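Sequential numbering from 1459 applies to the sequence shown in the numbering used here.
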Amino acid sequence: MPKLSKREFTILNFVQCIVSFYCHAIVCLHNAFETRLLKNKVFPPNFVSNGKNYSFIVVAPQFKGWPTGADVNAVIDYAIAHYRVDPTMVYVAGLSMGGGATWKFATAYPAKAAAIVPICGAQAASLSNAAKIAKAALPVWAFHNNDDPTVGVLTTNNWIQYINSSTPGITAVKTIFPSGGHDAWTKASDPSYKENNLNMYEWMLQYHR
């Protein structure tokens, strides 16, 4: 179990849990993703899905090195054990190195999360790993910028192509923004950004285990 301090958890409310994994350098330098939204007080207190209100616990661990799928799973187990988390509605999202960790977790524990959102994930795709996600019917919404100079967009394109060529229980989807460099997370995580009338969080809430 990775060593976790109280500072590593930003508790918004209870019921569901988004477990968001970051490259700690990005968090320190850019204050990105849900922690930035919480700090700026623009993360909504609840979201509506199928006529019901839901609130999230946002867990934002920071690792000293590249986390493994087991590291991610340990954090989820910790959150479930210590907070009022519905284990059937755990969502994993991550950016850059954290996006890579999201892919690693999904291939190691494909039936654990209710859905995943890898953003410019730094992890090469393989047909065998993608097949694990497809077989588990794990919902995937991946984001990337077409001009990303740090993690090439082909990484996300390959993941989605490989999953969808493996007869998935749920078709994986992707959003490729035309520009923005390595920062695809600001737009993707913005609650005002929607596709098919759903933002990232509302999309997550469609799914449970």
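Cβ coordinates follow ideal geometry from the N, Cα and C atoms, glycine included.
Quantities reported herein were computed from a predicted structural model and do not represent experimental measurements.
A1646 in three-state terms, based on DSSP: Three-state DSSP puts A1646 in a helix.
DSSP three-state assignment for N1511, whether helix, strand or coil: Note: N1511 maps to strand in three-state DSSP.
Alpha-carbon spacing of F1635 relative to K1522, whole angstroms: Straight through space, the alpha carbons of K1522 and F1635 are spaced by roughly 30 Å.
Quick one: Cα of K1652 to Cα of F1514, how far? K1652 and F1514 have their alpha carbons spaced roughly 18 Å apart.
Nearest candidate by alpha-carbon position, reference N1604, set N1615, F1505, N1655: Considering only alpha carbons, the answer is N1615.
Counting only the same chain and skipping the five closest in sequence on each side, list residues whose C-beta sits under 8 Å from that of S1650. Here S1650 has N1657 as same chain residues with Cβ atoms under 8 Å from its own Cβ, once five neighbours each way along the sequence are excluded.
Drop a sphere of 10 angstroms on the beta-carbon of M1662, count the other beta-carbons inside from all chains shown, and report buried for 16 or more, exposed for fewer. Classification of M1662: buried, given that the 10 Å Cβ count is 16 or more.
Contiguous alpha helix (DSSP H) assignments of at least 4 residues, all confined to the stretch 1512-1582: As summarised for the stretch 1512-1582, the continuous alpha helix (DSSP H) elements at least 4 residues long and confined to that stretch are 1527-1540, 1555-1566, given in chain order.
If distances are taken between C-alpha atoms only, which option among N1511, A1592, G1579, S1586 comes closest to D1641? Among N1511, A1592, G1579, S1586, the Cα nearest to that of D1641 is on G1579.
Report yes if the C-beta distance between A1572 and V1609 is below 9 Å; otherwise report no. Their beta carbons are not under 9 Å apart, which means A1572 does not touch V1609 by this criterion.
Under three-state DSSP, which class holds T1613? T1613 sits in a helix when the DSSP states are folded into three classes.
Tell me where the beta strand (DSSP E) around K1632 begins and ends. Note, K1632: beta strand (DSSP E), 1631-1635.
Can you give me the C-alpha to C-alpha distance between G1556 and A1532, rounded to a whole angstrom? Between the C-alpha atoms of G1556 and A1532 there is a straight-line separation of about 15 Å.
According to DSSP, simplified to helix, strand and coil, what is C1486? Low per-residue confidence applies at C1486: pLDDT is 26, beneath 50, and the placement is therefore not dependable, though the value from the model is reported in the following sentence. DSSP places C1486 within a helical segment (H, G or I) once states are collapsed to three.
What separation, rounded to the nearest whole angstrom, lies between the Cα atoms of T1565 and P1626? Approximately 14 Å, taken between the alpha carbons.
When Y1665, E1660, A1646 are compared against G1552, the one with the closest alpha-carbon: Residue A1646 is the option with its Cα nearest to G1552.
Let me check understanding here. Comparing Cα to Cα, which of V1517, W1561, T1613 lies closest to H1540? Considering only alpha carbons, the answer is V1517.
Use the C-beta contact count for S1637: other C-beta atoms within 10 angstroms, 16 or more gives buried, fewer gives exposed. With fewer than 16 Cβ atoms within 10 Å of its Cβ, S1637 is classed as exposed.
Excluding the five sequence neighbours on either side, which residues of its own chain have a C-beta within less than 7 Å of the C-beta of T1546, listed in chain order? Within the same chain, A1572, H1666, R1667 come within 7 Å of T1546 by CB-CB distance, once the 5 residues on both sides are set aside.
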